[in-house]
Amino acid sequence: MGDLFVVKTDGLAAGKGVVVTTNRAEAVDTVRSYLSGAAFGDAGRTVVIEEGLTGPELSVLAVCDGTTAVALAPAQDFKRVGDGDAGPNTGGMGAYSPVPVATNAVVDDLVAGAVQPTLAALRGRGIDYRGVLYCGLMLTPDGPKVLEYNVRFGDPETQVVLPRLTSDLGYLLATAAAGA
Numbered sequence: 157m158g159d160l161f162v163v164k165t166d167g168l169a170a171g172k173g174v175v176v177t178t179n180r181a182e183a184v185d186t187v188r189s190y191l192s193g194a195a196f197g198d199a200g201r202t203v204v205i206e207e208g209l210t211g212p213e214l215s216v217l218a219v220c221d222g223t224t225a226v227a228l229a230p231a232q233d234f235k236r237v238g239d240g241d242a243g244p245n246t247g248g249m250g251a252y253s254p255v256p257v258a259t260n261a262v263v264d265d266l267v268a269g270a271v272q273p274t275l276a277a278l279r280g281r282g283i284d285y286r287g288v289l290y291c292g293l294m295l296t297p298d299g300p301k302v303l304e305y306n307v308r309f310g311d312p313e314t315q316v317v318l319p320r321l322t323s324d325l326g327y328l329l330a331t332a333a334a335g336a
């Protein structure tokens, strides 16, 4: 690992439990703060430390029927508190869609390479997941890398994705709920 580390709380932190550090000392200080309970109480007492990735982040919402997934328009949110992507992460301060770097090929690759295998793994564990799968990823020089999954609509991304939807959302969700 280089000098870029990502420290995440393993508990709920209202979208604020991720710190991207630029050196080892900052990473150690962040881990200590989380483990002490000072940052997020018990939610921070288990941490995940990851290699820092570089590239634009992207959010893709996929409606899943247990077997297949239909990706909605991708979005990009503004995570940092300061201008120029500076400062600590927030829970999201706005979003936009369309995202110029999120071509149809990128989204298709994400669905085929990450979302569909995730649904297959869930089925393999006896989980018939039907609903919205939120995929947060980074477009790295080595290709898209999944950063997180959530089983809900993303906020604030949904606010810019749903107005772009050309089909009936109710029908789409009802069809997903009915299963493949």
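Numbering (the working numbering), first residue to last: 157 to 336.
Just so you know, even glycine gets a beta-carbon here, dropped at the ideal spot from N, CA and C.
key: Check whether residue 332 and residue 287 have beta carbons under 8 Å apart   = On the sequence shown, position 176 is the one that residue 332 refers to. On the sequence shown, position 131 is the one that residue 287 refers to. Contact: yes.
query = When the distance is taken between beta carbons, is residue 191 closer than 8 Å to residue 176?
reply = What you label residue 176 is simply residue 20 of the sequence shown in a count that begins at 1. What you label residue 191 is simply residue 35 of the sequence shown in a count that begins at 1. Contact flag unset, no.
ask   = Among 215, 228, 173, which one has its Cα closest to the Cα of residue 323?
value = Counted from its first residue, the sequence shown places residue 323 at position 167. Taking each of 215, 228, 173 in turn and checking the Cα distance to residue 323, the smallest one comes out for 228.
ask   = Does the distance from the CB of residue 334 to the CB of residue 272 come in under 8 Å?
value = Your numbering for residue 334 matches position 178 in the sequence shown. Your numbering for residue 272 matches position 116 in the sequence shown. Going by C-beta atoms, residue 334 is not nearer than 8 Å to residue 272.
request  = Counting only the same chain and skipping the five closest in sequence on each side, list residues whose C-beta sits under 6 Å from that of residue 195.
outcome  = Along the sequence shown, read from residue 1 onward, the residue named residue 195 stands at position 39. These residues qualify, in order along the chain: 189.
query = Which residues in the same chain as residue 255 place their Cβ atom closer than 7 Å to its Cβ, once the five residues preceding and following it in sequence are excluded?
reply = In the sequence shown, counting from the first residue as 1, residue 255 sits at position 99. Correct list, in chain order: 214, 230, 231, 232.
query = Which residue spans inside the segment 260 to 291 form an unbroken beta strand (DSSP E) run of at least 3?
reply = Runs of the beta strand (DSSP E) inside the segment 260 to 291: none found.
query = Excluding the five sequence neighbours on either side, which residues of its own chain have a C-beta within less than 8 Å of the C-beta of residue 269, listed in chain order?
reply = As a position in the sequence shown, residue 269 is number 113, starting the count at 1. Result list for residue 269: 300, in chain order.
query = Curious, which full-length beta strand (DSSP E) runs of at least 3 residues does the segment 179 to 207 contain?
reply = Here the runs fully enclosed are 203 to 207.
message = What residue range does the alpha helix (DSSP H) around residue 329 cover?
response = Taking the sequence shown and counting its residues from 1, one reaches residue 329 at position 173. Where residue 329 is concerned, the enclosing alpha helix (DSSP H) stretches over 325 to 334.
Nearest to residue 201 (by Cα), restricted to the options 163, 303, 307 = Position 45 of the sequence shown, counting from 1, holds the residue named residue 201. Closest option to residue 201, Cα to Cα, is 163.
ask   = Within this structure, are the beta carbons of residue 217 and residue 309 separated by less than 8 Å?
value = Along the sequence shown, one-based indexing puts residue 217 at 61. Along the sequence shown, one-based indexing puts residue 309 at 153. Yes, these two residues count as a Cβ contact at 8 Å.
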